[in-house]
Each structure stands twice: as structure tokens, then as C-alpha cells.
Ligand code: G4P
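Numbering (the UniProt record's numbering), first residue to last: 1 to 528.
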């Protein structure tokens, strides 16, 4: 077996999806604890303020070091290398989340036992389904009273449309929580408080028949448990690796993240069964992870980590081959060789200079704006990875300067912010307006704040007559030219120079589509 395929097979690259407050941050801490990445769980905590208020988010972003290093967390566990890619918590940043999900091989869904399936979980699940991403489920907060476990699984099956295969099963709940039974190994993990910060999460009995177990949980509870297990095993699906890998079935675990309980069986099962890096589609062919040559794509850009330097870090998911410090790679969009200088890997909470990286890993590449989201790197081949979407924004504002002399800085700031992907920047062909599009209204506040803090530009965002945008494609040059001429008033270009239709209303868009059947109006731009 080649080094590449051996290393690829060791990798488990995933993201956690959940509705805010279900326990994603807490679970992340515990996973890192098991990975030996941090001594005392708690270091990820600072981030959670992010979702509460704009001002908190901004303060947090000033401490950019934190949010960058927590974007990718890598730790070894049980002979595997686990890469956990963070998904932004705030609802406004859905677009970023979608793109992170294109860079993983599987996902972990966290559900609050009392709340069940929530709105954002449903949305994220839809995204996972687009690529049939395998999903494991962790039902959290078992130390509190919640829904009946059988009903909860039923809810997941009906609302999310995925088969559930319980792997652990709770013994009691809330104040009566005693532990979980592992339905495959038969082991019983007892719930013991005070193990929050230890790596061994509980006392383990080999089976429910262990005579000592009765002493610990009581005869009544044990007999109820036997009945319940019979019911569960009869009524639920048993774990099927193929169905899980195909995204049709989700293995389910129960626990309490904050008490560090039930996390270890989850992690053990995860590293064993979650898929290693998978083949990836490109414009030319599928790329296999064990190919010798390096390929990868950029799914996230983070600007101005250090306000002293105007550099940005592009996060590249390695899809095949081996990355080695200082190597050159072919940047397909520009057609140029690029030195991947000072690339970073993300080990635990420290940024380190990357020595090497393998399929499934993420490296951070410093650059000054030459790299965009969706860009592909290879060792010479000219193809692009597909399926990294740029969504049409739904809210638009015109940027107005308080100091007109700062126009250049404003333009530069808007361009650079839109490279990060959260906002998009458009310039109409017929006016000097600078229009910012976003998927959430909070992003305008964030943009105004950052323009001031990072570019010294005092700008406000005011309403503009744009309802939606579409990227324009047309196979016939002649038709396109005609379309451009007739619609110049509603056309603009985005930050990448692509032609975009800026529709003043949905009705207008519909009419334009009917009038120009040869022109394609795309709601997403696949960055290629
Ligand atoms: P998120 O990243 O998904 O948004 O959730 P986060 O981990 O921040 O957890 C949300 C809240 O739920 C936190 O409480 C956290 O302590 C709590 N929590 C997480 N896991 C469990 C669990 O297993 N049991 C119980 N009872 N609570 C849990 P908070 O009050 O918002 O914050 P804090 O005061 O605890 O820091």
C-alpha cells in the first residue's frame, strides 16, 4: 500500500451540525479532550458568545486568532487522525456552513433530547443530503428530562427522513440517568458525575448480566431496562455500514456532553466506521484520494488574521496526494504555479507550520487575495473540483461613504470581504454604485464594522432597488451580446468579474427569463 493510501485511510474528516444551543461547542471540547488535544476542556468556549449578539461577534472576530484556529481542529485518536471542521454557529452564516460541508466526508448531528429535531438541523440535513453525506447522531443533555428516546428516534426518522440505528441506549434520563448500554458490544457505561475532564468517561461493565450492575442501578431499573431493550431491538434498525455510508441510515448515540458522558462510545465508533476521504468529482474526472499527486480545493477564506498584515488564509481541503512544506502547486484558475508558502496545519489549538498533509487534511495558505473560494490546486492538471456553491444573496444594500475620498479603500475592502464568501460584492455596469449582497442582515453591520476597523473606511449601507441576482451564462456569444445591450441597466459584475443580472424584482426576473430563453440565469455560481 502506498503512503498516500495508508495516510488517507487513517483520516476522518467531519463537521458537527446542530441547532444553536444543542451542545456543539461542548461536544467539540470533549472530543478534543479525548484526542488529548487539551488538558482541561474549556478552551473552545470563548467562541459561543458569537451567536448571541453582533457586538459579541465583532469582539470575537477581533481576537481572530481564536476563531481561525478553531476553524479546523486535528487530533489523533485510536490510530486515526481526526479532522474536525468547525461550522459557524450564527444562522446568518449559513452559506459558510454549506461550504464547510462540501469539505468533509461525514457529519455528526447533535440533537437536544428535550427539543428534538429543530429548524436549523432540518436545513443542514438537507445540505448533507445533496451529497449523501454519512451522518452520525448524538442525542445530548440526557442529564435533563427530555423526550422519550423511542419517540425521539421516530421524530428523526419522520422529520429528517433517515433511518435510525441506535448504537447506545440510555438507562434512565434526567435525575434517574444511570448510563448507556452499547447495543453492539453489549457493554454498559455507567454515568458517574465528576468525570467531566477525564479521558476515561465511565466505569464499564461487560454486559447487563454482570451481577455488580444490579447493585449499581437497582433491580427495578434493570428489569425495566431488559424489557425496553427487547422492545428497541425488535422495533429499530440494526446498524448497517453500507446504509450509513450511503446516507440512508444514521447510527444514534445518547449522552451528556457537558458531563462528558456517552462521548467515548461515540468517538470509538466514529473512528472505526466513519468513511475515510472519498473520491471527488471534478470538471474532468473523479479524483481518487490515493492518487500520488496533490490536489485540493479552497472552501473558506479568512481575511486579515493579523491586522498588521493584509494577508488572508485560504483553507484548502487536500483531496489526494501529499502536501509538503514549501512545495509549489498549480493554481488552476490563474493557470500559474504558486508556492504554498508558510502553509499552516491545524493541530489542536495551536497553529503550526505544516510539515506535511494528506488527503482529508486541511491546510491554510497565506496569500494576498489571489486565491478565492472554490479554487482548485493540482500538480499541473487543469481540472476544477465541482460542487462548491456560491449562493445568490437575498439582501442588498448600496455602500455609501461618509468621506468620498476613501472610495478606493472602500472598493478594496468590499472586494476582500467578499472573497471570504459571507457577503458578495457587485458593481452595476451603468452606475458607480457599490452593492453588497448578503444572506443575512447582520452581515451588513459586520461589514460596516470591519471596513472601519480594518480599512479605515466609514461607510453606511442603504437600501437599493435589487431584489435578487442571477449569474448569467449563454452558449451563444451573439445572443449574450444582444442580451447585454438590451439589459445593461440591470447588469453588473461580481467580485470575480462574472456577469450578473441584478433584478429589481422577482417579476422582472421572471419576465427576463421568459424573454431570453437561450440565456441561463443561475441562482448559484459554482466557483470553478
Ligand atoms: P452550541 O455550541 O450547540 O450552541 O451549544 P453549547 O455547547 O454552547 O451548549 C449550549 C448550552 O447547553 C450551554 O449552556 C451548555 O453548557 C449546555 N449543555 C451542553 N451539553 C449539555 C448537557 O449534556 N447537559 C446539560 N444540562 N447542558 C448541556 P449555557 O447555559 O448556554 O452556557 P454555560 O453557562 O453552561 O456556559
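Glycine residues also receive a C-beta, built at the ideal position from the N, C-alpha and C atoms.
Threshold first: 3 residues or longer. Then list the beta strand (DSSP E) segments lying entirely within the region 138 to 170, N to C. 163 to 166
Expected contact under 8 angstroms - CB spacing of residue 315 and residue 364 to nearest Å: Within the chain shown, numbered from 1, the residue matching residue 315 stands at position 315. Within the chain shown, numbered from 1, the residue matching residue 364 stands at position 364. 6 angstroms between Cβ atoms; contact.
Given this structure, state the Cα-to-Cα distance separating residue 112 from residue 20, to the nearest angstrom. Residue numbering aside, residue 112 sits at position 112 when the chain shown is read from its first letter. Residue numbering aside, residue 20 sits at position 20 when the chain shown is read from its first letter. Taking the straight line from one Cα to the other gives about 10 angstroms.
Selected residue, minimal CA-CA separation from residue 320, among 524, 338, 291 and 283: Position 320 of the chain shown holds residue 320. Nearest C-alpha to residue 320: 291.
Distance, residue 357 Cα to residue 149 Cα: The sequence position of residue 149 within the chain shown is 149, counting from 1. The sequence position of residue 357 within the chain shown is 357, counting from 1. If I take the Cα positions, the gap works out to 41 angstroms.
Given that a residue counts as buried once 16 or more other Cβ atoms are within 10 Å of its Cβ, and exposed if not, what is residue 413? Working through the chain shown from its first residue, we reach residue 413 at position 413. Counting Cβ neighbours within 10 Å, residue 413 comes out buried, since at least 16 surround it.
Can we count residue 22 as close to ligand 1, meaning its CB is less than 7 angstroms from some heavy atom? Residue numbering aside, residue 22 sits at position 22 when the chain shown is read from its first letter. Answer for residue 22: yes, Cβ within range of ligand 1.
Cα-Cα separation, residue 463 to residue 428: By 1-based counting over the chain shown, the position of residue 463 is 463. By 1-based counting over the chain shown, the position of residue 428 is 428. Each residue's Cα considered, the two are about 15 angstroms apart.
Comparing the CB of residue 144 with every heavy atom of ligand 1, is any distance shorter than 7 angstroms? Here residue 144 is taken as the residue at index 144 of the chain shown, counted from 1. Yes.
Find out if the Cβ-Cβ distance for the pair residue 522, residue 473 is shorter than 8 angstroms. The residue labelled residue 522 in the question sits at position 522 within the chain shown. The residue labelled residue 473 in the question sits at position 473 within the chain shown. Taking 8 angstroms as the Cβ cut-off, residue 522 and residue 473 qualify as a contacting pair.
Is the region 226 to 233 touching the region 164 to 173 in the sense that three or more CB pairs, one from each, lie closer than 8 angstroms? yes
If you run the structure through DSSP and keep just helix, strand and coil, what is residue 478? Here residue 478 refers to the residue found at position 478 when the chain shown is read from its first residue. If DSSP states are grouped into helix, strand and coil, residue 478 belongs with the helices.
Coarse secondary structure for residue 320, derived from DSSP in three states: Walking along the chain shown from the start, residue 320 turns up at place 320. Strand.
Exposed or buried, what is residue 260 when buried is set at 16 or more other beta-carbons lying within 10 Å of its beta-carbon? Stepping through the chain shown from its first residue, residue 260 is reached at position 260. By the 10 Å Cβ count, residue 260 comes out buried.
Any non-hydrogen atom of ligand 1 within 7 angstroms of residue 540 CB: The first residue shown for the chain is 1 and the last is 528, placing residue 540 beyond what the model contains.
Apply the 10 Å Cβ neighbour rule to residue 517 and answer buried if 16 or more other Cβ atoms are within range, or exposed otherwise. One-based indexing of the chain shown puts residue 517 at position 517. With fewer than 16 Cβ atoms within 10 Å of its Cβ, residue 517 is classed as exposed.
Ligand 1 heavy atom lying under 7 angstroms from the CB of residue 181: Taking the chain shown and counting its residues from 1, the one referred to as residue 181 is at position 181. Residue 181: no, Cβ never under 7 angstroms from ligand 1.
Per DSSP, what kind of secondary structure is residue 420 in: helix, strand or coil? The residue you call residue 420 lines up with position 420 of the chain shown. Note: residue 420 maps to coil in three-state DSSP.
For residue 101 versus residue 137, is the C-beta spacing smaller than 8 angstroms? Locating residue 101 in the chain shown gives position 101, counting from the first residue. Locating residue 137 in the chain shown gives position 137, counting from the first residue. No, they are not a contact pair.
Check whether residue 438 and residue 502 have beta carbons under 8 angstroms apart: For the purposes of this step, residue 438 is taken as the residue at position 438 of the chain shown. For the purposes of this step, residue 502 is taken as the residue at position 502 of the chain shown. No, these two residues do not count as a Cβ contact at 8 angstroms.
Sorted by chain position, which residues of the same chain lie with C-beta nearer than 6 angstroms to residue 222's C-beta, five sequence neighbours on each side aside? Start at 1 with the first residue of the chain shown, and residue 222 comes out as number 222. The answer, listed in chain order, is 214.
Where the alpha helix (DSSP H) containing residue 112 begins and where it ends: Here residue 112 refers to the residue found at position 112 of the chain shown. No alpha helix (DSSP H) contains residue 112, which is instead part of the beta strand (DSSP E) from 106 to 112.
Please report the residue range of the alpha helix (DSSP H) in which residue 512 lies. Position 512 of the chain shown, counted from the start, is the residue given in the question as residue 512. Element bounds for residue 512: 506 to 515.
Excluding the 5 residues flanking residue 268 on each side, which residues of the same chain have their C-beta closer than 8 angstroms to its C-beta? Residue 268 sits at position 268 when you count from the first residue of the chain shown. Same-chain partners within the cutoff: 78.
Can you tell me where the beta strand (DSSP E) with residue 291 in it begins and where it stops? Position 291 of the chain shown, counting from 1, holds the residue named residue 291. Run containing residue 291: none; DSSP gives neither H nor E here.
Let me know the secondary structure DSSP gives residue 349 once reduced to three states. In the chain shown, the residue the question calls residue 349 occupies position 349. Confidence is the limiting factor: at residue 349 the pLDDT is only 41, short of 50, which leaves the residue's position unreliable and the question unanswerable from this model.
Say the cut is 7 angstroms; is the CB of residue 141 nearer than that to a heavy atom of ligand 1? Counting from 1 along the chain shown, the entry for residue 141 is found at position 141. For ligand 1, at least one heavy atom lies less than 7 angstroms from the Cβ of residue 141.
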